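Following: one structure in structure tokens, then a few remarks.
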Amino acid sequence: MSANPHAGRPLLRAGVAAGQAPRALVLLHGRGGSAADILGLGGHLAVPGYALLAPEAAGSSWYPHRFIEPVARNEPWLSGALAVVEAAVAATGLPDDKVALLGFSQGACLALDYAWRSGRRFGAVIGLSGGLIGDQLPPVTPGARFDGVPVLLGCSRQDGHIPLSRVLETEARFKAEGATVTTRLYEGGHHGVTEDEVILARQLLAGI
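Residue numbering for the sequence shown follows this note's numbering, beginning at 1328 and increasing consecutively.
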């Protein structure tokens, strides 16, 4: 196995061409999904002026075990996945405040964790059915603050994959560091993207 199990996987693009777009959206698919799947969601958001970039995980999975397991159990896949997100962000060629991160399920966990670990002030962070990764949540990067960064968290209250407690922990962590967090919790055990989340994400992205 290479140092990064996700090395050499595709980076799909859509929307405005890189180098010409004033804003970019990095999209991260869930377990069993693909870059093409999540890129379709990006198209459904229909926000003009964005370059859309979607990396793809090896074996359609960013890491093998549940996101609330100890981080070491998900290595080297998790570190490799974080490096893939870093490369996708760099490929936008834009400053952080013009780049938004959006993920679903595993991809939501990855987007949120990347933003938290990096300590960088992105234009927006959207986690649909996800939360910060690990059995123990790490402290924020020394010196980092997320003052005013829009964060959207959406999840079903009875989601079988995402504990509600972790969504609320994630909300609290970002709020404590100054992020502007919008949390939507839906009744039932649906594990998917709701039209309400699409509307909220579209509004958030339009403001960048």
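Positions of the beta carbon are idealized from the N, C-alpha and C atoms, including for glycine.
Quick caveat: nothing in here was measured; it's all calculated off a predicted structure.
Give every residue of the same chain whose Cβ lies closer than 6 Å to the Cβ of residue i, excluding the five residues on either side of it in the sequence, and list them in chain order.
| i | result |
| --- | --- |
| R1350 | G1376, Y1377, K1425 and I1535 |
| E1504 | V1467, R1472 and F1473 |
| M1328 | For M1328, the pLDDT reaches just 46, beneath the cut-off of 50, and the residue's location in the model is therefore unreliable, although a value from the coordinates is still provided. Hits under 6 Å: none found. |
| L1405 | Y1390 |
| I1460 | F1394, C1436 and D1440 |
With distance defined between alpha-carbon atoms, name the residue in the options nearest to residue i.
| i | options | result |
| --- | --- | --- |
| A1427 | E1496, V1476 and G1360 | V1476 |
| D1486 | E1514, R1393 and L1352 | E1514 |
| Q1433 | S1388, R1336 and A1344 | S1388 |
| G1481 | R1340, R1500 and G1519 | G1519 |
| A1348 | F1431, I1526, G1367 and A1418 | A1418 |
| S1399 | L1366, D1462 and L1495 | For the record, residue 1399 in the displayed sequence is Ala; it is not Ser. Among L1366, D1462 and L1495, the Cα nearest to that of A1399 belongs to D1462. |
| W1443 | A1506, N1401, G1342 and L1366 | A1506 |
How many whole angstroms separate the CB atoms of residue i and residue j, which I take to be in contact at a CB cut-off of 8 Å?
| i | j | result |
| --- | --- | --- |
| L1464 | R1484 | The pair is not a contact, with the Cβ atoms about 20 Å apart (cut-off 8 Å). |
| A1385 | P1332 | 5 Å |
| A1341 | L1379 | 4 Å |
Using C-beta distances below 8 Å, list every residue in its chain close to residue i, excluding the 5 sequence neighbours before and after it, in chain order.
| i | result |
| --- | --- |
| A1414 | L1338 and P1382 |
| I1526 | none |
Taking all protein chains shown into account, decide if residue i is buried (16 or more other Cβ within 10 angstroms of its Cβ) or exposed.
| i | result |
| --- | --- |
| I1489 | buried |
| D1440 | buried |
| S1492 | exposed |
| A1451 | buried |
| G1369 | buried |
| E1498 | buried |
| A1334 | exposed |
| E1524 | buried |
| G1360 | buried |
| G1346 | exposed |
| G1516 | exposed |
In chain order, what residues of the same chain lie with their CB nearer than 7 Å to the CB of residue i, ignoring the 5 residues before and after it?
| i | result |
| --- | --- |
| A1528 | L1372, L1429, I1453 and L1479 |
| P1435 | Residue identity differs from the one stated: residue 1435 is Ala in this sequence, not Pro. Within the same chain, A1435 has close Cβ partners G1454, L1455, S1456 and G1457. |
| A1362 | P1337, L1339, H1356, A1381, P1382 and E1383 |
| K1502 | V1508 |
| A1330 | P1403 |
| I1365 | L1354, L1355, H1356, A1381, F1431 and G1434 |
Are the C-beta of residue i and some C-beta of chain D separated by less than 8 Å?
| i | result |
| --- | --- |
| T1468 | The structure shown contains no chain D; it holds only a single protein chain. |
According to DSSP, which residues form a beta bridge with residue i?
| i | result |
| --- | --- |
| I1453 | L1429 and L1479 |
| P1382 | L1338 |
| A1547 | As displayed, the chain neither begins before 1328 nor continues past 1535, which places residue 1547 out of reach and without an answer. |
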